[in-house]
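Residue numbers for the sequence shown, in our numbering: 24 to 242. Heads up, the beta-carbon is just placed ideally off N, CA and C, and yes, glycines get one too. Only a predicted model underlies this, so the values are computations on that prediction, with no experimental measurement involved. Notes follow once the structure below has been shown.
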Amino acid sequence: MRVLVVEDKPRMANLLSRALHREGHTVMVANDGKVALDIGRSTAYDVILLDVMLPGVDGFTVIKTLRDEKCFTPTIILSARDAISDIVRALDLGADDYLTKPFALNNLLARMRAVARRGPSDAPVELRFEDLVLDPGTHELRRGGNVSSLTRTEFALMEVLLRRAGKIVPRDALIEAGWGLDSEVSEGTLYVFIRSLRTKIGEPQLLHTERGVGYTLRS
Numbered sequence: 024m025r026v027l028v029v030e031d032k033p034r035m036a037n038l039l040s041r042a043l044h045r046e047g048h049t050v051m052v053a054n055d056g057k058v059a060l061d062i063g064r065s066t067a068y069d070v071i072l073l074d075v076m077l078p079g080v081d082g083f084t085v086i087k088t089l090r091d092e093k094c095f096t097p098t099i100i101l102s103a104r105d106a107i108s109d110i111v112r113a114l115d116l117g118a119d120d121y122l123t124k125p126f127a128l129n130n131l132l133a134r135m136r137a138v139a140r141r142g143p144s145d146a147p148v149e150l151r152f153e154d155l156v157l158d159p160g161t162h163e164l165r166r167g168g169n170v171s172s173l174t175r176t177e178f179a180l181m182e183v184l185l186r187r188a189g190k191i192v193p194r195d196a197l198i199e200a201g202w203g204l205d206s207e208v209s210e211g212t213l214y215v216f217i218r219s220l221r222t223k224i225g226e227p228q229l230l231h232t233e234r235g236v237g238y239t240l241r242s
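Structure representation (structure tokens):
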């Protein structure tokens with residue numbers, strides 16, 4: 024794989040680069056956020072490994088900018104910041120995974136393989152239910168003449184609901200899709216995102232609550 028490592032600490036960048044080279048990957052290193060944006064925009068990579076605490080432009084801004092510019096290269100955040108709020112923020116901005124330092128190399132390699140398998144697709148297939156359309160290429164939700172941009176989490180939730188339209192999706196399945204297995208996200212947080220999706224779907228409403236179970240898309 025072609026890997027872009029964005030890390031401002033020379034020792035950490037060198038260790039990562041050497042380890043990835045030993046595994047047969049081609050590695051480019053960027054030492055700050057501005058350089059990462061320039062390289063990430065201009066060159067095709069299979070995976071980006073992105074630190075958060077960078078000089079100049081931080082990692083949150085890097086991932087947001089790339090996603091705003093429709094660059095969906097699979098990106099894993101590597102950071103010593105382990106607060107749930109930081110992890111949720113990174114995923115909502117468009118990161119595909121978040122790994123806290125220190126980490127085991129085998130864990131990182133497995134996550135790289137996983138996100139590389141998922142995308143990005145050259146010709147993403149739109150998901151539809153009645154007049155509701157989800158575009159995986161732009162992360163936009165369309166209905167009639169209305170177009171809404173979705174966060175990473177909103178997109179993940181909407182994708183699961185659309186793929187299982189007409190069926191009840193349990194709350195646990197939605198939390199796993201939006202935040203990952205073993206996440207500590209509450210049902211209250213899930214409801215906040217469901218409410219946001221309902222606003223973006225508009226009327227007549229298609230996203231319904233199945234009390235005590237989960238949510239479903241139906242007429």
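Q) Hey, would you say ARG186 sits closer than 8 Å to LEU150, going by beta carbons? A) Yes; because the gap between Cβ atoms is below 8 Å, this pair is in contact.
Q) Secondary structure at ALA53, three-state DSSP: helix, strand or coil? A) strand
Q | Where ALA146 falls, given that 16 or more other Cβ within 10 Å makes a residue buried | A | Interpretation of ALA146 is limited by its pLDDT of 44, a score under 50 that renders its predicted location unreliable; the figure taken from the coordinates is listed afterwards. Label assigned to ALA146: exposed.
Q) If you check the beta carbons only, do GLY56 and ASP81 fall under 8 Å apart? A) yes
Q) Does the Cβ of GLU207 have 16 or more other Cβ atoms within 10 Å, making it buried, or fewer, making it exposed? A) exposed
**Q.** Rounded separation between ARG104 and GLU30 - CA only
**A.** Just so you know, the alpha carbons of ARG104 and GLU30 end up roughly 14 Å apart.
Q: Provide the residue span of the alpha helix (DSSP H) that contains GLY82, from first to last.
A: 82-91
Q.
Can you tell me whether PRO193 is buried or exposed? The criterion is at least 16 other CB atoms within 10 Å of its CB, across all chains shown.
A. exposed
Q) HIS231 and ARG241: beta carbons closer than 8 Å? A) yes
Q: With a cut-off of 8 Å on the beta carbons, I'd call LEU43 and VAL26 a contact; round off their distance for me.
A: 6 Å
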